[in-house]
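K.L.:
Handing you a structure now.
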Ligand SMILES: Cc1cc2nc3c(=O)[nH]c(=O)nc-3n(C[C@H](O)[C@H](O)[C@H](O)COP(=O)(O)OP(=O)(O)OC[C@H]3O[C@@H](n4cnc5c(N)ncnc54)[C@H](O)[C@@H]3O)c2cc1C
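In the working numbering, the protein residues as written are 20 to 485.
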């Protein structure tokens with residue numbers, strides 16, 4: 020059982036093969052960049068994030084409260100929102116998003132798959148293990164299905180079946196927090212058709228499994244923010260993604276949860292995406308509140324908060340926030356209960372509508388923030404200039420607006436981090452993480468119930484007299 024932060028750090032010193040900028044990372048808890056992923060986890064050992072879990076008869080993370088109704092789902096959405104608001108962590112929900120989806124899928128499959136899932140879930144939850152979820156494959160040439168790819172490894176697949184398990188090969192991309200996970204849960208990332216059987220699998224392995232390589236993305240914002248005040252967020256914590264390579268990795272049968280099952284694998288891909296997008300709209304509401312706070316304080320600091328176009332900019336930020344909040348809540352209120360597992364499943368339409376809105380309006384609200392701030396959001400002097408006792412009085416004097424130069428300067432460092440230092444990374448997160456815009460469009464178009472809307476129009480047609 021990982022009872023405290025020290026035990027968590029120790030659990031990561033297990034010989035995992037993690038690479039950062041071409042070099043093997045000996046200890047992820049000590050490496051200057053990966054340690055920024057590790058450090059914020061300490062806060063999650065705080066009592067407020069734990070509860071007495073009736074399903075497992077012990078204290079566990081609140082993320083392991085199995086949602087069985089709207090109220091439970093709302094509570095789940097609220098924890099994600101609160102953790103993001105307090106700690107700016109966008110990922111603690113990931114493990115439970117994928118375990119909930121697997122719970123539903125394996126209950127539907129029943130038999131040995133349900134038994135394996137139940138044993139794995141108990142192991143994870145009662146030992147307080149951290150999970151990464153690897154869903155998105157390298158995908159190769161997007162025109163081709165998995166089995167049609169010129170290179171069969173472009174989707175993770177079974178290459179050998181053994182008495183005691185399977186051997187898998189391929190790579191998943193963009194897997195968040197693998198370097199600091201205790202287990203990597205591998206899920207399918209798309210719907211499958213006949214011929215794709217070898218790809219229709221789900222399983223879990225610990226990151227130190229032989230043949231598994233984690234090639235981390237560079238933490239450009241954290242590396243660039245040499246001065247703490249210039250990267251208050253990037254220097255405090257970061258999210259790390261890996262190219263997660265399975266080079267003939269052995270997976271014992273007890274860790275295989277879906278096997279060569281086109282229907283179950285396709286359903287699992289959609290279900291994980293649904294739980295994950297509800298979490299996304301929940302954490303994005305908290306981040307969007309930061310945009311409002313930043314926008315309003317900067318408008319006041321510049322003395323322009325009463326200008327009509329600035330009011331419009333700020334209301335853009337408000338609408339962006341509140342539409343996401345409304346969608347996340349409606350997705351919980353209008354959930355449905357899966358009969359076999361008893362799990363409450365978020366409403367597909369509200370979840371995807373909120374997520375699509377979030378993806379497609381991010382650049383618009385960044386435009387509003389930049390409009391409010393002015394060019395100094397890019398051109399303000401550096402933290403080192405402010406630390407220089409001869410320059411500080413000049414910086415203070417000429418950064419003065421409707422508030423003191425010091426306050427306005429700090430606000431400009433914060434917004435520069437938001438739009439410049441972290442801006443590139445965050446734009447990609449907002450537009451692609453938890454699924455691209457097209458993924459939500461496909462889901463909305465496919466699953467919307469058009470009956471009532473069509474009937475209303477048909478009634479009008481019937482009333483027409485020629
Ligand atoms: C910061 C971050 C963290 C992430 N964390 C995780 C994680 O923890 N686990 C995980 O599994 N994934 C994770 N992801 C992956 C994320 O879900 C994907 O980036 C997203 O689903 C888009 O997939 P892609 O990146 O492969 O882009 P692509 O699928 O290549 O999309 C690029 C464009 O091509 C279009 N396109 C793709 N295929 C087709 C097609 N066949 N026909 C027509 N158009 C097509 C898309 O709609 C899009 O417009 C993360 C991503 C980011 C940015």
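Cβ atoms here follow ideal geometry from the backbone N, Cα and C, with glycine treated the same way.
Between the alpha carbons of residue 176 and residue 235, how many angstroms are there, rounded?
P.N.:
Between residue 176 and residue 235, the C-alpha separation is close to 22 Å.
K.L.:
I need the straight-line Cα distance from residue 381 to residue 355, nearest angstrom please.
P.N.:
Rounded to the nearest angstrom, the two C-alpha atoms are 29 Å apart.
K.L.:
Going by other Cβ atoms of all chains shown within 10 Å of its Cβ, with 16 needed for buried, is residue 39 buried or exposed?
P.N.:
Flag for residue 39 reads buried.
K.L.:
Please determine, among 130, 197, 97, 154, the residue with the shortest C-alpha to C-alpha distance to residue 54.
P.N.:
Looking at the Cα atoms, 197 is the closest of the given residues.
K.L.:
May I ask you to check if the CB of residue 81 is nearer than 8 Å to at least one heavy atom of ligand 1?
P.N.:
No; taking the cut-off as 8 Å, the Cβ of residue 81 has no heavy atom of ligand 1 nearer than that.
K.L.:
Mind checking residue 90: buried by the 16 CB within 10 Å criterion, or exposed?
P.N.:
Under this definition residue 90 is an exposed residue.
K.L.:
Counting only the same chain and skipping the five closest in sequence on each side, list residues whose C-beta sits under 6 Å from that of residue 41.
P.N.:
Within the same chain, residue 41 has no close Cβ partners at all.
K.L.:
Is it the case that the CB of residue 221 approaches a heavy atom of ligand 1 more closely than 8 Å?
P.N.:
Residue 221 Cβ: outside cutoff for every heavy atom of ligand 1.
K.L.:
Quick check: the Cα distance between residue 248 and residue 430, rounded to an integer number of angstroms?
P.N.:
Those two C-alpha atoms are separated by around 11 Å.
K.L.:
Suppose only complete runs of 4+ residues qualify. What are the alpha helix (DSSP H) ranges in the region 382 to 417, listed by chain order?
P.N.:
Whole alpha helix (DSSP H) segments, 4+ residues: 395 to 398, 402 to 406, 411 to 417.
K.L.:
Round the Cβ separation of residue 284 and residue 222 to the nearest angstrom and send it over; I've been treating them as touching at under 8 Å.
P.N.:
That pair is no contact at about 11 Å.
K.L.:
Are the beta-carbon atoms of residue 108 and residue 256 separated by less than 9 Å?
P.N.:
Yes, the pair counts as a contact, with Cβ atoms nearer than the cut-off.
K.L.:
Quick check: the Cα distance between residue 358 and residue 395, rounded to an integer number of angstroms?
P.N.:
Cα-Cα distance, rounded: 56 Å.
K.L.:
Give a single yes or no on whether residue 113 has its beta carbon closer than 8 Å to a heavy atom of ligand 1.
P.N.:
Result yes, Cβ under 8 Å from ligand 1.
K.L.:
So what's residue 48 in DSSP terms, helix, strand or just coil?
P.N.:
The answer is coil: DSSP assigns residue 48 none of H, G, I, E or B.
K.L.:
In whole angstroms, what separates the C-alpha of residue 346 from that of residue 118?
P.N.:
The alpha-carbon atoms of residue 346 and residue 118 are separated by roughly 23 Å.
K.L.:
Return yes when at least one heavy atom of ligand 1 lies under 8 Å from the C-beta of residue 436, else no.
P.N.:
No - ligand 1 has no heavy atom lying nearer than 8 Å to the Cβ of residue 436.
K.L.:
Going by the C-beta, is residue 152 closer than 8 Å to any heavy atom of ligand 1?
P.N.:
Answer for residue 152: yes, Cβ within range of ligand 1.
K.L.:
Less than 8 Å separating the Cβ of residue 58 from some heavy atom of ligand 1?
P.N.:
No, Cβ of residue 58 sits at least 8 Å from all heavy atoms of ligand 1.
K.L.:
Can you tell me whether residue 485 is buried or exposed? The criterion is at least 16 other CB atoms within 10 Å of its CB, across all chains shown.
P.N.:
Residue 485 comes out exposed.
K.L.:
Using a Cβ-based criterion (distance less than 8 Å to any ligand heavy atom), does residue 458 qualify as near ligand 1?
P.N.:
The answer is yes for residue 458.
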